[in-house]
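Asker:
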Amino acid sequence: MEESAIMEPHVERAEAEARPLLILTRRGVDANADADRVSAPVRAVWPIVRSFGNPQRYKHFVRTCALASGDGASVGSVRESAIIMEAHIERSLRATLTEAEARALDPVVREHHTFPGHSSSPRAGTGLPTPATCTSLVAQRVSAPVRAVWPIVRSFGNPQLYKNFVRTCALASGDGASVGSVREVTVVSGLPASTSTERLEVLDDHRNVIGFRVVGGDHRLRNYRSVTSVTELAGGGGAAPYCVVVESYVVDVPEGNTEEDTRMFTDTVVRLNLQKLAAVAEDSAVPFVVGAPAPHGADEFPHRGLE
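For the sequence shown, counting from 1, position 268 maps to 268 in full-length UniProt numbering; every step adds exactly one.
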């Protein structure tokens, strides 16, 4: 899998406490950056970081890696990586999907629904505390074609179309259809939250993938990131195509809670949202029967598998 969100690390030298100190900066396509201190000279660290063809030397979630082209030391080299899927995520998929569906969804899950770098313990060797995080994944079958499901999922500016606990939503910046758009959400009463500020991180109308990050608000889910994909599958025995919607997330575990508590609460919210999505999409899909006119706006988006 090409890791398009991670660019080549930049290494700077510095002197601190009379010993070499490296600051490794990893910059993503959204210009956000993470930095880690490494108590070693650059000659010890850089050969590990620059080994494009062998990322599993230090990337915990890479199981195997093979070069698809190039020598791994030249710009333009391409690698194919197999990502380790966490056991609870794999169990969740197997509990919801058939074996055939799980096999069909496996490339999608590995490409879009893993969060390499999340941690349940402090960063080794840094002395800097890292909040424990948890990840999870929820899958939902929807008896409707992708052209009925995707327009609902991609409506960043109107999440209350299917998100049960959103009371209102207003765009603070952007048009809701461009990466970088920001929405201000108010939440219904009864939840440990009142507002949430969320930034659109991914919107891919070809692959039917959307992702957002929580960047502010009054709530307990800090550093929440979510990715949702819509995959259309062929119905067996000549049946109509249907979709499997997968939503995954990573979030900091709130102080005073366990990873399991956090996962159980967040999974419940996501599952209820996806169940409502299925109901809304299936209702809207009725006009998509052969010979019936499509709803207004239904052809505004690319529809993979239905050309």
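We put the beta carbon where it would ideally sit given N, CA and C, even for glycine.
Among Glu99, Leu221, Pro159, Asn54, whose alpha-carbon lies nearest the alpha-carbon of Ala132?
Answerer: Within the sequence shown, the letter at position 132 stands for residue 132. Measuring from the Cα of Ala132, the nearest candidate turns out to be Leu221.
Asker: DSSP state of residue 318, grouped into three classes?
Answerer: Residue 318 is absent from the structure shown; the chain starts at 1 and stops at 307.
Asker: List in chain order: all unbroken beta strand (DSSP E) runs of 3+ residues lying wholly within the segment 235–273.
Answerer: 242–252, all fully within the segment 235–273.
Asker: Counting C-beta neighbours from all protein chains within 10 Å, is the total for Thr268 16 or more, i.e. buried, or is it exposed?
Answerer: Counting from 1 along the sequence shown, the entry for residue 268 is found at position 268. That one is exposed.
Asker: Once the 5 residues before and after Gly180 are set aside, which same chain residues still bring their CB inside 6 Å of it?
Answerer: Counting from one through the sequence shown, the residue named residue 180 turns up at place 180. Counting only Cβ-Cβ distances below 6 Å, and skipping sequence neighbours, we find Gly174.
Asker: Within a Cβ cutoff of 8 Å, which residues of the same chain sit near Pro159, ignoring the five residues on either side of it in sequence?
Answerer: Numbered from its first residue, the sequence shown carries residue 159 at position 159. Around Pro159: Val166, Cys169, Arg183, Val185.
Asker: From what residue to what residue does the beta strand (DSSP E) around Leu200 run?
Answerer: Counting from one through the sequence shown, the residue named residue 200 turns up at place 200. It spans 195–204 - the beta strand (DSSP E) in which Leu200 sits, taken as one unbroken run.
Asker: Is Val214 closer than 8 Å to His113 when the C-beta atoms are compared?
Answerer: Position 113 of the sequence shown, counting from 1, holds the residue named residue 113. Position 214 of the sequence shown, counting from 1, holds the residue named residue 214. For His113 and Val214, no; Cβs fall outside 8 Å.
Asker: Would you call the CB atoms of Thr96 and Val250 closer than 8 Å?
Answerer: Counting from one through the sequence shown, the residue named residue 96 turns up at place 96. Counting from one through the sequence shown, the residue named residue 250 turns up at place 250. Taking 8 Å as the Cβ cut-off, Thr96 and Val250 do not qualify as a contacting pair.
Asker: Would you list the one or two residues that DSSP bridges to Gln140?
Answerer: As a first step, residue 140 is located in the sequence shown; it is residue number 140 there, counting from the start. For Gln140, which the question treats as bridged, DSSP gives the partners Val245.
Asker: Three-state secondary structure (DSSP) at Gly70?
Answerer: Taking the first residue of the sequence shown as position 1, residue 70 is located at position 70. Gly70: coil per DSSP, three-state reduction.
Asker: Quick one: grab the DSSP three-state call for Ala172.
Answerer: Start at 1 with the first residue of the sequence shown, and residue 172 comes out as number 172. If DSSP states are grouped into helix, strand and coil, Ala172 belongs with the strands.
Asker: Since Phe156 sits in a beta bridge, which residues does DSSP pair it with?
Answerer: Residue mapping note: residue 156 aligns to position 156 of the sequence shown, counting from 1. None, per the DSSP bridge assignment.
Asker: Might you give, ordered along the chain, the residues of its own chain that have their beta carbon closer than 8 Å to the beta carbon of Asp204, omitting 5 neighbours on each side?
Answerer: Here residue 204 refers to the residue found at position 204 when the sequence shown is read from its first residue. Result list for Asp204: Ile210, in chain order.
Asker: Please classify Ile48 as buried or exposed, where buried requires at least 16 other C-beta atoms within 10 Å of its C-beta.
Answerer: Mapped onto the sequence shown, residue 48 falls at position 48. Counting Cβ neighbours within 10 Å, Ile48 comes out exposed, since fewer than 16 surround it.
Asker: Considering just the uninterrupted stretch of the beta strand (DSSP E) at Val188, what are its terminal residues?
Answerer: Within the sequence shown, residue 188 is the residue found at index 188, counting from 1. Note, Val188: premise wrong, no beta strand (DSSP E); not H, not E.
Asker: Mapping the DSSP letters down to three states, classify His219 as helix, strand or coil.
Answerer: Position 219 of the sequence shown, counting from 1, holds the residue named residue 219. It is a strand residue.
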